[in-house]
Amino acid sequence: MDGAVAWLTAQGRTGQWGSVPWSQRPESVARAEQACREQLVRVAERAAGGGDALGVCVLSEEAPSYAPPAPERELYVRWLVTDRAHSGSGIGSALIADALREARARGIELLRVDCYAGGDGRLVEQYERLGFTRSATFTVDQPAGPWPGQVLEQRVPRD
């Protein structure tokens, strides 16, 4: 997460996660620890060279409280973060493909995700490239100002 924050900050895109590394924010560390205890965490690792983490996807059958509810059972991508040094190598696509397989194995037909919808909108477009379609918008009030969000979804293909 710290690498993603550093990359976003270097791009002048601090609206999503701010500029302070997650590891230096106790509330963010607590959220990550809770996710590891309570949700399904998938890690994409480098096969050779020590198993470095290249990306992580956190899945839950429960959407976050700020997201509009789904009309059916769902698998929700709570976090999808990849190492920017490996951008374009398919890590995000592989993690989403894994999430779709997990949903199918659970008998779930809907995969949803939300993301920051502010700035230049590139993050929403990235999820669209991963097969998601826009479904709902929301706003989270934060001390630094409103945080615009976009919920996206895709149907889980059957075998």
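Residue 59 is where the sequence shown starts when you use the working numbering, and the numbers rise one by one after that. Quick reminder that beta carbons are idealized off the backbone N, C-alpha and C, glycines included.
Could you tell me the boundaries of the beta strand (DSSP E) in which residue i lies?
i: arginine 192; result: 191 to 198
i: glycine 165; result: Premise fails: glycine 165 is in no beta strand (DSSP E) and is neither H nor E.
i: valine 209; result: 205 to 213
i: arginine 100; result: 98 to 103
i: serine 118; result: 111 to 118
Report the residue from the options whose alpha carbon sits nearest the alpha carbon of residue i.
i: glutamine 212; options: Gly203, Arg192, Gln200, Thr197; result: Arg192
i: alanine 161; options: Thr197, Arg216, Arg95; result: Arg216
i: arginine 104; options: Ala143, Ser81, Glu119; result: Ala143
i: cysteine 173; options: Arg131, Arg164, Glu186, Glu167; result: Glu186
i: alanine 125; options: Arg180, Val171, Val214; result: Val171
i: glutamate 96; options: Gly113, Pro122, Ala111, Arg83; result: Pro122
i: isoleucine 166; options: Val214, Gly146, Thr140; result: Val214
i: alanine 163; options: Pro127, Ser147, Glu119; result: Glu119
i: valine 139; options: Ser81, Ala111, Ala128, Arg180; result: Ala111
I'd like to know whether the C-beta atoms of residue i and residue j end up nearer to each other than 8 angstroms.
i: arginine 100; j: aspartate 178; result: no
i: alanine 175; j: glutamine 200; result: no
i: tyrosine 149; j: alanine 90; result: In the sequence as presented, tyrosine is not what sits at residue 149; that position holds isoleucine. Cβ atoms of isoleucine 149 and alanine 90: not closer than 8 angstroms.
i: leucine 153; j: leucine 133; result: no
i: valine 198; j: leucine 169; result: no
i: leucine 210; j: phenylalanine 190; result: yes
i: tryptophan 137; j: alanine 93; result: yes
i: leucine 188; j: serine 145; result: no
Mark residue i as exposed unless 16 or more other C-beta atoms lie within 10 angstroms of its C-beta, in which case mark it buried.
i: glutamine 184; result: exposed
i: cysteine 115; result: buried
i: alanine 202; result: exposed
i: threonine 195; result: exposed
i: glycine 12; result: What the structure shows of the chain is the stretch from 59 to 217, and residue 12 is not part of that stretch, so it cannot be assessed.
Considering just the uninterrupted stretch of the alpha helix (DSSP H) at residue i, what are its terminal residues?
i: valine 135; result: Premise fails: valine 135 lies in the beta strand (DSSP E), 133 to 140, not in any alpha helix (DSSP H).
i: glycine 184; result: According to the sequence displayed, residue 184 carries glutamine and not glycine. Per DSSP, glutamine 184 belongs to the alpha helix (DSSP H) from 180 to 187.
Under the criterion of a Cβ to heavy atom distance below 7 angstroms, does residue i qualify as lining the ligand NAP?
i: phenylalanine 196; result: The ligand NAP is absent from the structure shown, which contains no ligand whatsoever.
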